[in-house]
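Heads up, the thing below is written out as structure tokens.
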Amino acid sequence: MIILKSPEEIEKIRAANRIVALALESLKEMVKPGITTAELDRAAEEFIVSRGARPSFKGYRGFPASLCISLNEEVVHGIPGRRRLREGDIASLDLGAELDGYYGDAAITVPVGRVSAEATRLMEVTRESLYKGIEKMREGNRLSDVSHAVQSHAEGAGFSVVTDFVGHGVGSSPHEDPQVPNYGSPGQGPVLKRGMVLAIEPMINAGGSDVRVLDDDWTVVTSDGSLSAHFEHSVAVTAGGPDVLSGLPGL
Ligand code: MG
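Numbering (numbering that gives the first Met the number 0), first residue to last: 0 to 250.
Pasting the structure below:
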């Protein structure tokens with residue numbers, strides 16, 4: 000069941016997302032060769048707690064950290080640890096926070112120092128794909144119009160879409176209906192209505208779309224070892240069009 004949110008609830012979801020967005024903005028500045036993924040996780044947690052919120056990924060289904068950090072061929076759900084970022088890596092940072100009973104969820108992928116032209120293009124196209132999907136978050140459109148917009152842009156650039164993991168509704172639970180695939184033909188699924196809030200999160204691979212989960216039972220990697228990027232925003236359908244609740248200039 001898709002839960003429609005009142006304008007007051009949307010403001011609460013925005014408040015949680017704003018903390019996530021500000022945290023990601025500050026983490027982006029910390030991403031440099033030599034820093035460990037655990038240091039980034041600690042900074043993320045401290046930031047969220049300092050704003051009176053709770054890091055919502057920590058303990059979720061047993062996830063051991065506040066921040067998911069997925070490097071290079073890792074797609075999502077990478078676990079922070081002693082690993083140090085290296086020049087040329089790309090790092091996906093996915094973060095969630097709960098404030099006053101409502102959830103925020105967003106992700107960015109950032110370069111570590113200088114990265115390859117392919118990595119730069121993959122990150123750009125993945126972010127663009129997210130915004131192509133966001134543009135479809137309008138009353139009267141169908142859910143798969145969002146999915147199709149993401150897929151067309153990513154595949155049009157020669158990349159592939161991960162189909163094993165999808166976006167989701169978000170509100171007073173971190174994951175709600177509906178699932179939001181990053182692929183599909185247009186004009187299918189539920190009609191988008193005012194008050195729907197969806198976390199749209201394209202995961203785009205430079206190579207094939209197949210992924211697998213590592214022995215840690217969390218980290219998802221591309222099967223062919225190709226690079227992967229991930230961007231996510233929590234977005235409300237409003238009378239005035241899409242409202243990016245986790246939005247900040249540059250994210
Ligand atoms: Mg999400």
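We treat Cβ as the ideally placed atom computed from N, Cα and C, and that holds for glycine.
Heavy atom of the ligand MG within 7 angstroms of Glu231 beta-carbon
yes
Along the chain, which unbroken stretches of the alpha helix (DSSP H) at least 4 residues long are found entirely within the region 79 to 158?
116 to 134 and 142 to 155
Okay, do the region 136 to 148 and the region 182 to 193 touch, 3+ Cβ pairs below 8 angstroms being the bar?
yes
Measure the beta-carbon distance from Pro201 to Phe164 and round it to whole angstroms, keeping in mind my assumption that it falls under 8 angstroms.
About 10 angstroms; that fails the 8 angstroms criterion.
With the cut-off set at 8 angstroms, would you say His152 and Ile199 are in Cβ contact?
no
Can you tell which of Leu98, Pro63 and Glu72 has its C-alpha closest to the C-alpha of Asp209?
Glu72
Does the region 104 to 114 touch the region 233 to 250, meaning 3 or more C-beta pairs lie closer than 8 angstroms?
yes
Does the ligand MG have even one heavy atom less than 7 angstroms from the beta-carbon of Gly166?
yes
C-alpha distance - Arg193 paired with Lys4, whole-angstrom precision:
8 angstroms
Measuring straight from C-alpha to C-alpha, what distance separates Ile1 and Met195?
8 angstroms
Supposed close pair Gly80, Thr36 - CB separation, criterion 8 angstroms
6 angstroms
Please say whether Leu26 and Leu92 have beta carbons closer to each other than 8 angstroms?
yes
For a test of your reading of the model: does the CB of Glu200 fall under 7 angstroms from any non-hydrogen atom of the ligand MG? Yes or no.
yes
Cβ-heavy atom distance between Asp104 and the ligand MG below 7 angstroms?
yes
Rounded to whole angstroms, what is the Cα-Cα separation between Lys57 and Gly132?
28 angstroms
Three-state class that DSSP yields for Gly40 in the structure shown:
For clarity, residue 40 is Asp in the given sequence; the question names Gly instead. In the structure shown, Asp40 sits in a helix (DSSP, three-state: H, G or I).
So Ile18 is in the alpha helix (DSSP H); what residue range does that whole segment cover?
Pro6 to Met29
Using CA atoms only, rank isn't needed, just tell me which of Ala15, Pro173, Val234 and Ala238 is closest to Arg60.
Pro173
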